[in-house]
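Quick notes on the structure that follows.
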Ligand SMILES: Cc1ncc(COP(=O)(O)O)c(C=O)c1O
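In my numbering, the protein residues as written are 2 to 368.
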């Protein structure tokens with residue numbers, strides 16, 4: 002049996018007619034940038050995410066950069082980021098000219114270790130960017146308490162976790178702004194690149210609208226040095242088609258994760274993903290940890306199952322960040338996760354027999 006790591010066919014095929022309708026709407030209107038599709042998606046996503054505003058963007062990286070710029074964070078400022086994340090979180094800070102202050106991961110949840118944040122705060126710290134990694138919400142109650150105590154902004158990186166909660170509150174609603182990604186493989190993905198920022202602050206919203214569109218409040222008037230970070234009408238129309246299905250897809254991801262959790266219990270040498278009691282996950286990824294990763298992945302591949310690694314090199318050890326001078330050993334938990342993590346196939350539409358076969362194949366590896 003073949004088990005791909007991810008397949009979008011199962012969720013996209015039933016939507017083909019709706020996608021064609023969405024595309025035809027855009028073609029007939031002949032309005033390709035910042036039109037009614039973008040506005041409609043922004044309204045729908047705000048309703049889904051329980052925020053006042055959404056600013057649709059070209060991708061998730063741009064969304065984080067715009068959020069930082071809207072808060073006037075730049076050279077001389079320090080921004081706290083998780084040591085264990087996708088590199089985009091770090092890149093956004095770097096592109097503003099601010100200084101990256103990484104904080105090591107929590108060994109259980111793989112999210113930022115909240116207990117280590119306060120010791121990294123200095124008079125220059127302006128913001129914290131918690132990343133709800135793999136689909137699991139961070140302990141936002143604790144992060145917000147620290148941010149309030151030290152007068153810091155919180156910008157959530159919600160790229161992997163649309164629909165997750167901490168203490169029953171949705172991720173993407175805690176910070177002054179939250180950036181998300183609609184990269185095709187995300188829980189809700191566009192048919193190309195796209196992203197968004199959500200906020201309930203009207204002043205930040207106004208700034209974001211300008212920054213996204215050449216710093217321009219009206220045509221050919223440019224009040225700030227802005228960007229071209231707009232979402233196109235086609236992606237907005239496709240995303241509006243997909244958004245109503247997101248809760249069901251997230252529920253299916255949870256059901257698959259439950260099957261994996263039940264089927265893979267008590268295997269010595271295999272660590273299952275742990276979700277904080279106060280948080281939920283939308284299982285963008287189901288990430289195991291094993292010291293025998295290379296052999297594990299080879300065994301799975303030999304049996305037709307594709308597993309991937311998110312992410313194989315800790316960000317501080319990537320060549321792009323060598324100049325920051327963080328040696329191996331600086332963020333030991335992030336490094337340990339990078340060395341041992343392995344993600345199992347998980348996507349809406351994966352069959353019960355594919356899940357069971359994956360579990361059995363893992364059990365065989367350990368027997
Ligand atoms: C945690 C995280 N932040 C940011 C991004 C950047 O999103 P994009 O690829 O849309 O630029 C991604 C996705 O790739 C991500 O996983």
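Cβ atoms here follow ideal geometry from the backbone N, Cα and C, with glycine treated the same way.
Contact test: residue i Cβ vs ligand 1 heavy atom, cutoff 7 Å
i, result
"residue 61", "yes"
"residue 282", "no"
"residue 86", "yes"
"residue 184", "yes"
"residue 132", "yes"
"residue 172", "no"
"residue 22", "no"
"residue 160", "yes"
"residue 194", "yes"
"residue 237", "no"
"residue 89", "yes"
Residue from the options with nearest C-alpha to residue i
i, options, result
"residue 130", "153, 123 and 109", "153"
"residue 135", "105, 18 and 284", "284"
"residue 304", "327, 358, 79 and 159", "358"
"residue 71", "294, 156 and 107", "156"
"residue 160", "221, 347, 17 and 189", "189"
"residue 276", "118, 260 and 110", "110"
"residue 88", "36, 366, 344 and 313", "313"
"residue 191", "24, 362, 331 and 350", "24"
"residue 296", "343, 351 and 253", "343"
"residue 62", "75, 184 and 20", "184"
"residue 99", "205, 80 and 37", "80"
"residue 96", "16, 228, 337 and 341", "228"
Local conformation of residue i per DSSP, three classes
i, result
"residue 140", "coil"
"residue 280", "strand"
"residue 196", "strand"
"residue 63", "helix"
"residue 83", "strand"
"residue 252", "helix"
"residue 167", "strand"
"residue 153", "coil"
"residue 33", "coil"
"residue 54", "strand"
"residue 178", "strand"
"residue 18", "helix"
"residue 310", "coil"
"residue 291", "strand"
"residue 95", "helix"
Near ligand 3: residue i beta-carbon under 7 Å from a heavy atom
i, result
"residue 339", "Looking at this structure, you won't find ligand 3 anywhere; what it does contain is ligand 1."
Completely contained beta strand (DSSP E) runs for the region 99–128, where each covers 3 or more residues:
100–104
Can you list the beta strand (DSSP E) stretches of 3 or more residues lying completely in the region 207–247, in chain order?
none
Please list the segments of the beta strand (DSSP E) lying wholly inside the region 314–367, counting only runs of 3 or more residues, in order along the chain.
342–345
Taking one C-beta from the region 59–79 and one from the region 200–212 each time, how about it: are there three or more such pairs within less than 8 Å?
Yes: at least three Cβ pairs fall under 8 Å.
Does the count of Cβ pairs from the region 37–45 and the region 229–242 closer than 8 Å reach three?
yes
Determine contact between the region 331–349 and the region 99–110, defined as no fewer than three beta-carbon pairs at a distance below 8 Å.
yes
If contact is defined by three or more beta carbon pairs under 8 Å, each pair taking one atom from either stretch, is the region 352–368 in contact with the region 256–271?
Counting Cβ pairs under 8 Å, three or more are found: they touch.
Between the region 73–93 and the region 217–234, do at least 3 Cβ pairs fall closer than 8 Å?
Per the Cβ contact rule, the region 73–93 is not in contact with the region 217–234 (fewer than 3 Cβ pairs under 8 Å).
Could you check whether the region 162–176 touches the region 280–294, counting it as contact only if at least three pairs of C-beta atoms, one from each stretch, sit closer than 8 Å?
As far as the Cβ criterion goes, the region 162–176 touches the region 280–294, which means the pair count is three or higher.
Decide if the region 18–36 is in contact with the region 173–180; the criterion is three or more beta carbon pairs, one per stretch, under 8 Å apart.
no
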